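Taking it in order: structure first as structure tokens, then the write-up.
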Amino acid sequence: MSRAVGIRCDAGARTGVGHLVRCVALAEELTARGVDVHFLSDLGGVAWAEAQLAQRGLPWHPAPYDEVGLVAAVGRLGLDALVIDSYTLPPAHSKAVRAAGTPVLAIVDGDPRGQDADIYVDQNLDAVLDAGDVRLAGLDFALLRSSVRALRPLAAPVSSSGRTPEVVAFFGGTDAYRAAPQVARLLADTAAPFEATVVAADASLRAELLAVPAGEGQRFEIIDPTDRLPELLAGADLVVSASGTSTWELLCLGRAAALVQVVDNQTRGYERTIARGYAAGLGRLGAFDDDAVTTLRRLLLNPGERTALAVRGWAAVDGRGVERVADALLKGR
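Here the UniProt record's numbering is used: the first residue of the sequence shown is 1, the next is one more, and so on.
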């Protein structure tokens, strides 16, 4: 008999797509093992998010309004387990599903926010869990998409000193806090040469980015959100991004990264990643200072420093987290 797993997560213009991306990674691993996966989600009208499910043939059902509806959906779809990944879902939902006899796996970031689960997963650096029968904590459980894992190099890459640095800057599928133009201005202020590809999440961000003047030896290419992002990252000498779920993708790929703390819930991960030397830090969005420009300039001009970051990051994330989480979820089922 085939097994079925539901995934309850959302995406949206303000929510972002990080929860969806890591759940898609887990769904890829589960479907590869013959499991039927159903998403129960409100995707907020974000076309890119909808496309991620459609391209993979993953069924998508409307998010149940309350716990009664969620329990009913679990029964109607014949789910053997439910994965929950949400900062806003009321804990009554997971409690009701467990009470009805269906195991729950909760993906969390530090605070479980009251969710009731059999398995807790916190994929963050130095994470510690103190609840649940099964606790999967740390970078060994980072949930990375197959498109990223396939591009992981066999050894940490060495940054070349013989070319103008290629930079990729992106801030999720929605860039809800409009980080890209601020980072583009920081790059321009370094007065160092670069070839930068910057992702514009919408038309207004594209207009702002096009208005950022490039200096001598600098070039910006502004692109729309793309499924080719992993390939772009794999070819970059330096990546500038938010200190969120994508950080572990960058480390897995062995990319030298400069991180931005965009929202408060990224503080712990940002500080730990910088302290370990896995990435460089540019500070808090909206509060950049001269140090941010100095850091970027140093990274652009110093391939040895980029290589050192890449080596440490590559060793920290092996890309097999989805396998380990799927093993725990399917064990004995």
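Don't be surprised by glycine CBs; every beta carbon is placed ideally from N, CA and C. These numbers were taken from a predicted model, which means no experiment stands behind them.
Output the boundary residues of the alpha helix (DSSP H) element that contains aspartate 133. Following the DSSP letters along the chain, one finds aspartate 133 in no alpha helix (DSSP H), marked with neither H nor E.
For the alpha helix (DSSP H) that contains proline 153, what are its first and last residues? DSSP places proline 153 outside any alpha helix (DSSP H), giving it a letter other than H or E.
Determine the direct distance from the alpha carbon of glutamine 55 to that of arginine 3, and round the result to whole angstroms. Going by the C-alpha atoms only, they are around 21 Å apart.
Out of Arg145, Pro193, Gly78, Arg14, state which residue places its alpha-carbon closest to the alpha-carbon of alanine 32. When each option's Cα is compared against that of alanine 32, the closest is Arg145.
Which residues in the same chain have their Cβ closer than 7 Å to the Cβ of tryptophan 60, if we skip the five residues on either side of it in sequence? In its chain, beyond the 5 residues on either side, Phe39, Ser41, Leu53 have a beta carbon closer than 7 Å to the beta carbon of tryptophan 60.
Between which two residues does the beta strand (DSSP E) holding alanine 4 run? Annotation for alanine 4: the continuous beta strand (DSSP E) segment containing it runs 4-9.
For serine 243, is the classification buried or exposed, using 16 other Cβ atoms within 10 angstroms of its Cβ as the cut-off for buried? The residue is buried, with at least 16 neighbouring Cβ atoms inside 10 Å.
Contact check, aspartate 85 vs isoleucine 107 under 8 Å by CB: the rounded distance? 4 Å between Cβ atoms; contact.
Per DSSP, which residues does tryptophan 60 bridge with? Please list them. Secondary-structure assignment with DSSP links tryptophan 60 through a beta bridge to Phe39.
Which residues in the same chain as alanine 51 place their Cβ atom closer than 7 Å to its Cβ, once the five residues preceding and following it in sequence are excluded? Taken in chain order, the list of residues that qualify is empty.
Would you report the Cα separation of aspartate 175 and phenylalanine 220, rounded to the nearest angstrom? So the alpha carbons of these two residues sit roughly 18 Å apart.
May I have the straight-line CA-CA distance separating alanine 292 from glycine 16, to the nearest angstrom? The straight-line gap from Cα to Cα measures roughly 25 Å.
By DSSP, does leucine 171 sit in helix, in strand, or in coil? Residue identity differs from the one stated: residue 171 is phenylalanine in this sequence, not leucine. The answer is coil: DSSP assigns phenylalanine 171 none of H, G, I, E or B.
Neighbourhood of valine 49 by C-beta, 7 Å cutoff - its chain only, sequence neighbours within 5 removed: Inspection of the sequence shows that residue 49 is occupied by alanine rather than by valine. Hits under 7 Å: Ala11, Val17, Leu20, Leu43, Gly173.
Please say whether valine 311 and alanine 156 have beta carbons closer to each other than 8 Å? Against a cut-off of 8 Å, the Cβ pair of valine 311 and alanine 156 comes out as a contact.
I'd like to confirm the pairing. Which residues does DSSP put opposite valine 240 in its beta bridges? Ala169, Ala258.
What's the call for arginine 14, buried or exposed, on a 16-neighbour Cβ count within 10 Å? When all chains shown are included, arginine 14 counts as exposed.
Under a Cβ-count criterion, where at least 16 other Cβ atoms within 10 Å of its own Cβ denotes burial, should glycine 286 be classed as buried or exposed? Under the 10 Å beta carbon count, glycine 286 is surrounded by fewer than 16 other beta carbons and is classified as exposed.
Whose C-beta lies closer than 7 Å to the C-beta of valine 212 among residues of the same chain, with five residues either side of it excluded? Within the same chain, valine 212 has close Cβ partners Pro181, Ala184, Arg185, Ala188, Phe220.
Got a sec? Which residues, its chain only, sit under 7 Å from threonine 273 by beta carbon, not counting five neighbours each side? Correct list, in chain order: Leu125, Ser243, Thr247, Leu259, Ala279.
Is the CB-CB distance between valine 239 and valine 168 below 8 Å? Contact: yes.
Rounded to whole angstroms, what's the CA-CA distance from arginine 333 to leucine 296? Just pull it up for me. Caution applies to arginine 333, whose pLDDT of 46 falls short of 50 and renders its modelled position unreliable; the value that the coordinates give is listed next. In a straight line, the C-alpha of arginine 333 is about 49 Å away from that of leucine 296.
Who does glutamine 218 pair with in a DSSP beta bridge? Its beta-bridge partners are Phe194.
Of the residues Ile223, Leu251, Arg320, the one placed nearest alanine 201, counting alpha carbons only: For alanine 201, the nearest C-alpha among the options comes from Ile223.
Spatial neighbours of threonine 267 in its chain, beta-carbon cut-off 7 Å, leaving aside the 5 residues before and after: If we look at threonine 267 and ignore the five residues flanking it on each side, its Cβ neighbours are Gln261.
Contact check, leucine 139 vs valine 121, beta carbons under 8 Å: In this structure, valine 121 does not lie closer than 8 Å to leucine 139 by Cβ.
In or out: valine 104 buried (at least 16 other Cβ within 10 Å) or exposed? Per the 10 Å Cβ criterion, buried.
For valine 121, report the span of its beta strand (DSSP E) as first-last. Secondary structure note for valine 121: its beta strand (DSSP E) is the uninterrupted segment 119-122.
Going by DSSP, name the residue or residues bridged to alanine 81. Partner residues in the beta bridge of alanine 81, as assigned by DSSP, are Val5.
Secondary structure at alanine 127, three-state DSSP: helix, strand or coil? Coil.
Using the beta-carbon count (16 or more within 10 Å), is serine 241 buried or exposed? Result: buried.
Short Cβ contact (8 Å threshold) for alanine 27 with leucine 58: Yes.
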